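Each remark here refers to the structure printed beneath this line.
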Amino acid sequence: MPYYATFQPANGDQRLGVVLRERSLVIDLGEAQKALLAQGVLVPDQPVPQTMLQLIEASPEMNDVIQTIVHAVKDLDQASFLYKEEDVKYAAPIPRPSKNVFAIGLNYKKHSQEFTGTDDLAPFPIVFTKAPTSVIGTEEGIERFPEYTDSLDYEAELAVIIGKRGRNIAPEDAQDYIFGYSIINDISARDRQKRTSQWFLGKSMDTHCPMGPYIADASEVQWPVQLEISSRVNGEERQHSNTRLLLFDIPTIISTLSQGMTLEPGDIIATGTCEGVGLGFNPPKFLNQGDIVEVEIESLGVLRNRIV
32 MPYYATFQPA NGDQRLGVVL RERSLVIDLG EAQKALLAQG VLVPDQPVPQ TMLQLIEASP
92 EMNDVIQTIV HAVKDLDQAS FLYKEEDVKY AAPIPRPSKN VFAIGLNYKK HSQEFTGTDD
152 LAPFPIVFTK APTSVIGTEE GIERFPEYTD SLDYEAELAV IIGKRGRNIA PEDAQDYIFG
212 YSIINDISAR DRQKRTSQWF LGKSMDTHCP MGPYIADASE VQWPVQLEIS SRVNGEERQH
272 SNTRLLLFDI PTIISTLSQG MTLEPGDIIA TGTCEGVGLG FNPPKFLNQG DIVEVEIESL
332 GVLRNRIV
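In the numbering used here, the protein residues as written are 32 to 339.
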């Protein structure tokens, strides 16, 4: 199965696409299906969704339709519905989530140590959220907000996207509820975050949840998820770890969140960051205007943003 993106061609509106990573091409799903139907190619006559949330809600019933489209066009060199990656702008895969982004705090041992200054580890997942209005895509600007914070920080995180509705999900069943995976940079205003025991205000300012560049279908990532994850600031590597080192793994996170609370298609879970955040250096290495922050996760691409 493919990599899904919300993208915008030059002088065009946002569209739903499939990324052919090995060829650096993006398929406009809706236009591809129209063209192939007109050509008499055997593509199921069922309109494809127009947005990522619609696609997630229609999955897995829509999988055969998309597979047929991708198979029919994957060897084409030129078509009106094919775009070079360099000619499109990626939005956040889910540009406006339907609810807050779930996030897990202090979920790597070494990050917990650098943040708290102790060896004490949380006995349960620490859950906070980020406002939907904080979500932006790759290559979009992260606002510095100097009037509100002087300690802006980065956090490389694996994002899990829920694919179907569920409550009281057992850990052994969690994989069945995953639509796919993406990258999140959990931008954090450390002074606002630490002002109270509730982290929401320090995590939710506009543009402080970069996400993307796309969503990898769950089938693209081997289970259990063990991916290399890193971040760079102006080319200098700051973080490097592997998601196998999560203190609370993905099944535990999904199970915990679903205890008495319904998870829905399109829900986003940021699974926590590893050591190497700006706060962890002496002196701290916080972000400044003009800095370029990159988060890279194995098999998921690179999320790149500038501080503005």
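Glycine included, every Cβ here is placed at the ideal spot set by N, Cα and C. Source: prediction; values computed, not measured.
Quiz item: Whole-angstrom Cβ separation of K161 and S235, contact assumed at under 8 Å?
Solution: 5 Å
Quiz item: Which word fits F159, buried or exposed, when buried means at least 16 other C-beta atoms lie within 10 angstroms of its C-beta?
Solution: buried
Exercise. Can you tell me which of the three DSSP states V96 falls into?
Key: helix
Quiz prompt | Buried versus exposed call for W254 [16 or more other C-beta atoms within 10 Å across all chains shown] | solution = exposed
Self-check item: Closest by C-alpha distance to Q64, when choosing among G243, F112, T293
Solution: F112
Self-check item: Identity of the residue in L152, G172, G211, M242 nearest A187 by Cα
Solution: M242
Exercise. State the Cα-Cα distance for the pair P78 and L137, rounded to the nearest angstrom.
Key: So the alpha carbons of these two residues sit roughly 43 Å apart.
Quiz item: Could one say the Cβ of N273 lies closer than 9 Å to chain D's Cβ atoms, at least one of them?
Solution: Although the question refers to chain D, the structure presented lacks it and comprises just one protein chain.
Exercise. Report whether the distance from the Cβ of I285 to the nearest heavy atom of the ligand ADP is below 8 Å.
Key: For the structure depicted, the ligand ADP is absent and the ligand set is empty, with no information on it obtainable.
Quiz item: Whose C-beta lies closer than 7 Å to the C-beta of T82 among residues of the same chain, with five residues either side of it excluded?
Solution: In its chain, beyond the 5 residues on either side, L47 have a beta carbon closer than 7 Å to the beta carbon of T82.
Practice problem: Please classify A134: does DSSP put it in a helix, a strand, or coil? | Solution: strand
Quiz prompt | Start-to-end residues for the beta strand (DSSP E) that takes in Q270 | solution = 267–273
Exercise. Could you check if G148 is buried or exposed, using at least 16 other CB atoms within 10 Å of its CB as the buried criterion?
Key: With fewer than 16 other Cβ atoms inside 10 Å of its own Cβ, G148 counts as exposed.
Quiz prompt | Whole-angstrom C-beta distance between A36 and P124, which should lie under 8 Å | solution = 6 Å
Practice problem: Find out if the Cβ-Cβ distance for the pair V191, I284 is shorter than 9 Å. | Solution: yes
Exercise. Give the DSSP bridge partners of R263, in chain order.
Key: Looking at the DSSP assignment, R263 forms a beta bridge with E268, E325.
Quiz item: Which whole-angstrom value describes the C-beta separation of P244 and L152, a residue pair presumed to lie in contact below a C-beta threshold of 8 Å?
Solution: Their Cβ separation, rounded to whole angstroms, is 33 Å, which puts P244 and L152 out of contact at 8 Å.
Quiz item: Which whole runs of the alpha helix (DSSP H) in the region 202–288 are 4 residues long or more, in chain order?
Solution: If you keep only unbroken alpha helix (DSSP H) runs of at least 4 residues inside the region 202–288, you get 221–225, 231–234, 281–288.
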